[in-house]
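Residue 106 is where the sequence shown starts when you use our numbering, and the numbers rise one by one after that. Heads up, the beta-carbon is just placed ideally off N, CA and C, and yes, glycines get one too. Have a look at the structure below before the remarks.
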Amino acid sequence: MVKTSDWPFSATASLDSRPAVDLYEYQGKQLFARAGIPVSEGRVATTPEEARAAAEELDGQVVVKAQVLVGGRGKAGGIKLADTPGEAQAHAEAILGMDIRGHVVRRLWIEQASDIAKEYYLSITFDRGEKKPLFMLTTEGGVDIEEVAATNPDALARLHVDPLEGFQPWQARWLVFKAGIADPSEQKQVLALVEKLYRAFVEFDAMLCEVNPLIVTPDGEVKALDSKFTVDDNALYRHPDIAEMRDVEAADPHERLAREKGVTYVKLDGEIGILGNGAGLVMATLDVIDQVGGRPANFCDLGGGGDAQGVVDALEVITSDEQVKAILFNIFGGITRGDEVARGILTALGQMAIDHPIVVRLDGTNAEEGRRMLQEAAPPNLYVEETMLSAAEKVVSLQ
């Protein structure tokens, strides 16, 4: 997937894709098939015996494919070709339970094998910078699209679609011409696929529909050999069938805990736990931490309130991450008064033991009173700062 955010800090850019539901390959292919996009026949298997039975039903050479919500499964050994049902069962035994970049394989997709003459790449994603869907098509499929964009950008045809005007047939023709697809039969099939992919993107409220590779068989048939399908979770109320596809167990355990507690939280890769009141303030905090040389461990929005239970819930989620070395509260008292937030923090810290260094930045309504309360009653591992920059510098120095 090509990132289109202009955020200077990669962790904040990655948040763009978080409010969404990533589907497994076989689930995305089910939606592709509903949109009329050609896919190979296959079966889901959760045991080696089911894999064998699926291969027997498909009656021929099959591919045993690990179903994980992360890339790189082929390089990790999660995709194997099987000539017989027994071989499919053996591959399933080896792949099930495999850890692929932190994701444990619990299900497989047993698919009819396809002969491949050519590999293309086709996707449509939502470009947040332009606020429009973005098509990408290239004849250099089967590899990471980021690599194509970096090494041979001229090979990648890119075209935005105005959502008010909707998809127009000339746009598919432009993409096919720009990408350099020369065969008339392939052109006709790809033109139809582009339109169907856009229809799927809109109909299912998707954020990403990606086919890599989009293959051409020796007989000249064009079909989707893989699927990456991401749906906007704000639209799930319109798609109860897709909502049921969400694999809660596959989510990051910290994010799963946060969802259970009703905490707005996104796991990141750093060491500094972040808690603020307001999504915009938290996003700004992530960038300031990066500016002073730190790495945020999470995005966590306390919301407009600052009650003790909300702070306790957020801290339980943040401290469950073993990577966290220090914690930064960044609070602006607008709707919420600084003294109320200070009481909430003190009450929360009285209910739970936290050994991490904690830095609190309070500003806004009754901020001086709130800072005074914290300085007088807080434990020795809590530090109070007046500005966001000084708080960021302090927490980075304490990690």
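Original post:
Since Y303 sits in a beta bridge, which residues does DSSP pair it with?
Top reply: As a first step, residue 303 is located in the sequence shown; it is residue number 198 there, counting from the start. Beta-bridge pairing links Y303 to no other residue.
Subject >> Option nearest P153 by Cα separation, candidates E198, Q273, W275 >> reply: Against the sequence shown, residue 153 aligns to sequence position 48. The option with the nearest alpha carbon to P153 is E198.
Original post:
Hey, which unbroken runs of the alpha helix (DSSP H) at 4 residues or more fall wholly within the segment 360 to 438?
Top reply: 384 to 396, 413 to 424
**OP:** Give, in chain order, every unbroken run of the beta strand (DSSP E) that is at least 3 residues long and sits entirely within the segment 134 to 176.
**Re:** 147 to 150, 167 to 171
Original post:
Given a threshold of 16 other Cβ atoms within 10 Å of its Cβ, counted over all protein chains shown, does N257 qualify as buried or as exposed?
Top reply: Against the sequence shown, residue 257 aligns to sequence position 152. Result: exposed.
Subject >> Close-in-space but distant-in-sequence residues of the same chain around D220 (CB under 6 angstroms, 5 per side omitted) >> reply: What you label residue 220 is simply residue 115 of the sequence shown in a count that begins at 1. Answer for D220: T322, P323, listed in chain order.
Subject >> Whole beta strand (DSSP E) elements within the segment 260 to 341, 3-residue minimum >> reply: 262 to 265, 311 to 321, 327 to 329, 333 to 337
**OP:** Identify the continuous beta strand (DSSP E) that holds A187 and give its terminal residues.
**Re:** Your numbering for residue 187 matches position 82 in the sequence shown. Start and end: 184 to 187.
Subject >> Beta-carbon proximity check, F309 vs L136, cutoff 8 angstroms >> reply: For the purposes of this step, residue 309 is identified with residue 204 of the sequence shown, where counting begins at 1. For the purposes of this step, residue 136 is identified with residue 31 of the sequence shown, where counting begins at 1. Contact flag set, yes.
**OP:** In the DSSP assignment, find the unbroken beta strand (DSSP E) run with L201 in it and report its ends.
**Re:** Your numbering for residue 201 matches position 96 in the sequence shown. Note, L201: premise wrong, no beta strand (DSSP E); not H, not E.
**OP:** From the DSSP output, read off the bridge partner residues of R448.
**Re:** Here residue 448 refers to the residue found at position 343 when the sequence shown is read from its first residue. BP columns for R448 are empty, so no partner.
Original post:
Do D346 and G381 have their C-beta atoms within less than 8 angstroms of each other?
Top reply: In the sequence shown, residue 346 corresponds to position 241, counting from 1. In the sequence shown, residue 381 corresponds to position 276, counting from 1. Against a cut-off of 8 angstroms, the Cβ pair of G381 and D346 comes out as no contact.
**OP:** With a threshold of 16 other CB atoms inside 10 Å of the CB of Y303, please say whether the residue is buried or exposed.
**Re:** Start at 1 with the first residue of the sequence shown, and residue 303 comes out as number 198. Buried.
Original post:
Excluding five sequence neighbours on each side, which residues of the same chain lie with their C-beta closer than 7 angstroms to the C-beta of G147?
Top reply: The residue you call residue 147 lines up with position 42 of the sequence shown. Within the same chain, G147 has close Cβ partners Y131, W214, I215, E216, Q217.
**OP:** Using only alpha-carbon positions, find the residue among K328, P268, V416, G443 that is nearest to M478.
**Re:** Here residue 478 refers to the residue found at position 373 when the sequence shown is read from its first residue. That would be G443, whose Cα lies nearest to the Cα of M478.
**OP:** Can you give me the start and stop residues for the alpha helix (DSSP H) that T256 sits inside?
**Re:** Within the sequence shown, residue 256 is the residue found at index 151, counting from 1. It spans 250 to 256 - the alpha helix (DSSP H) in which T256 sits, taken as one unbroken run.
**OP:** Would you kindly work out how many angstroms separate the C-alpha atoms of V167 and S332, rounded to a whole number?
**Re:** By one-based count along the sequence shown, residue 167 stands at place 62. By one-based count along the sequence shown, residue 332 stands at place 227. The alpha-carbon atoms of V167 and S332 are separated by roughly 17 angstroms.
**OP:** Using the DSSP secondary-structure output, state which residues sit across from L494 in a beta bridge.
**Re:** Here the question's residue 494 lines up with position 389 in the sequence shown. Paired residue(s): none; L494 is not in a bridge.
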